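Written out below as structure tokens is the structure these notes cover.
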Amino acid sequence: MLTLVKSDDAVPIVGIYGAKNKKPEATVYFTHDMQKDNQNVATAAGVLQLHKSEIKREFHMNDEDFKEVCRMIDAEEEPEQGDALRHEFWQILERYENFLKREMWIGDDKDSRFEMNFPVKKADWPGTLTAIGSSGSGKTFHIVQMILRYFKAAPVHNRRQVCWLSPELKIDKTIKKLRDNDRYSLWFHGIDISEKNLREKGMDAASFYQKEIVEKVDGMGDDLILVLDDFPDAARALYPYLERFYNSMLRVARHRNMGVISLIHTYAHGKASSQALQSNKTIVFYPRSQQSRCIQFMRDYLQLNTNYAKELVKKFASLGRWMALQMHSPVCIYNESYLVLL
């Protein structure tokens, strides 16, 4: 069950932020405790908003009928025997109670949003994440904004180092706010893994990997946020080293309190993504650019039937640019305005 009440067994999922707040106004938790005091409270119209069209179509209802059923649910008023909406009321009430426990929609409040953020406390594990999307989907922008929010929220003396590996480090305008910002130069470190940089360094791939990547990353110590941006497109001779490096980092990330993030074009990247799909806490898709890929992933990895996967992807694509799939319990999907348990 979803709840805003923190308890001993509650597992945090995502924070709810308002306006320009750096701290969450509330946190959404998952709990097995079904006590009434822990349950969410919301109007029927709000809870059923995203399902309104399908409910009206299924029960052949007009807007007035839908409003009346919502009113009765909110008033805890049962329809009398012979009421034309009696059958619909009980069917919709059951769905309302189910949605209230398994979904959360905050899109009707323009000042509230769900937001993916790194923990401000250095002792808290940032987790592992893979962002999957085609060029122009918004994946780099999404991760850059997460890091910028983290830098602004975390105290200067307690900030994590961020290491960004990319074959387009010097030319990608999306990371300019991190790369060319003197304000964050003490914490942001870029490593160019392009074919051009490998040639200019005059090293063989093994030496470059050891001196420019391994030694620099190890020198930053634990508690690092490590970003591998399109590393399958790095210098060809470097790729085997980067693949092993990435998979190794995933395995030790929690023990070293490191956040490990990869940005790739497709989840069908062989060894470059197979370990990630098993180890990652979160997979982020950008459904407006790769709907069929999202559907296939949800069918193959989350065992959702195709029709339900299509329905979810279509819904999330209409609500925002990204959708985060939390792969560890509780398994759920959310974006900036909608969260659903699977």
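Everything in the sequence shown is counted per my numbering, starting at 7 for the first residue and increasing by one. We treat Cβ as the ideally placed atom computed from N, Cα and C, and that holds for glycine. Computed from a prediction, not measured in an experiment: that's the story for all the values here.
How big is the Cα-Cα spacing for residue i and residue j?
{"i": "residue 16", "j": "residue 344", "result": "20 Å"}
{"i": "residue 136", "j": "residue 217", "result": "26 Å"}
{"i": "residue 111", "j": "residue 334", "result": "21 Å"}
{"i": "residue 32", "j": "residue 320", "result": "28 Å"}
{"i": "residue 297", "j": "residue 307", "result": "15 Å"}
{"i": "residue 74", "j": "residue 82", "result": "12 Å"}
{"i": "residue 2", "j": "residue 149", "result": "Nothing about residue 2 can be reported from this structure: the residues present for the chain run from 7 to 348 only."}
{"i": "residue 28", "j": "residue 155", "result": "8 Å"}
{"i": "residue 311", "j": "residue 346", "result": "16 Å"}
{"i": "residue 205", "j": "residue 243", "result": "11 Å"}
{"i": "residue 191", "j": "residue 220", "result": "20 Å"}
{"i": "residue 93", "j": "residue 65", "result": "9 Å"}
{"i": "residue 105", "j": "residue 322", "result": "16 Å"}
{"i": "residue 123", "j": "residue 87", "result": "51 Å"}
{"i": "residue 176", "j": "residue 161", "result": "28 Å"}
Can you pull the DSSP bridge partners for residue i?
{"i": "residue 169", "result": "195 and 232"}
{"i": "residue 268", "result": "136 and 234"}
{"i": "residue 338", "result": "332 and 347"}
{"i": "residue 289", "result": "136 and 331"}
Taking DSSP as the reference, what is the three-state secondary structure of residue i?
{"i": "residue 294", "result": "coil"}
{"i": "residue 329", "result": "strand"}
{"i": "residue 32", "result": "strand"}
{"i": "residue 219", "result": "helix"}
{"i": "residue 9", "result": "strand"}
{"i": "residue 273", "result": "coil"}
{"i": "residue 246", "result": "helix"}
{"i": "residue 22", "result": "strand"}
{"i": "residue 17", "result": "strand"}
{"i": "residue 53", "result": "helix"}
{"i": "residue 40", "result": "coil"}
{"i": "residue 310", "result": "coil"}
{"i": "residue 164", "result": "helix"}
{"i": "residue 46", "result": "coil"}
{"i": "residue 174", "result": "coil"}
Excluding sequence positions up to five away, which residues of its chain have a Cβ less than 8 Å from the Cβ of residue i?
{"i": "residue 349", "result": "Beyond the ends of the chain as shown, which are 7 and 348, falls residue 349; an answer cannot be given."}
{"i": "residue 256", "result": "134, 266, 281, 282, 285 and 286"}
{"i": "residue 125", "result": "131 and 132"}
{"i": "residue 44", "result": "7, 9, 11, 13 and 37"}
{"i": "residue 142", "result": "295"}
Which same chain residues, not among the five before or five after residue i, have their C-beta less than 6 Å away from its C-beta?
{"i": "residue 247", "result": "215"}
{"i": "residue 170", "result": "196 and 233"}
{"i": "residue 291", "result": "138, 300 and 329"}
{"i": "residue 172", "result": "235"}
{"i": "residue 304", "result": "310 and 315"}
{"i": "residue 107", "result": "7"}
Spatial neighbours of residue i within its chain, please: CB distance less than 7 Å, with the 5 preceding and 5 following residues excluded, ordered by chain position.
{"i": "residue 78", "result": "85 and 95"}
{"i": "residue 4", "result": "This structure gives no information on residue 4, because the portion of the chain shown stretches from 7 to 348."}
{"i": "residue 293", "result": "300, 319, 322, 323 and 329"}
Discussion item. Going residue by residue through the stretch 90-129, where are the continuous beta strand (DSSP E) segments of at least 3 residues, counting only ones entirely within it?
Written reply: 109-111 and 118-121
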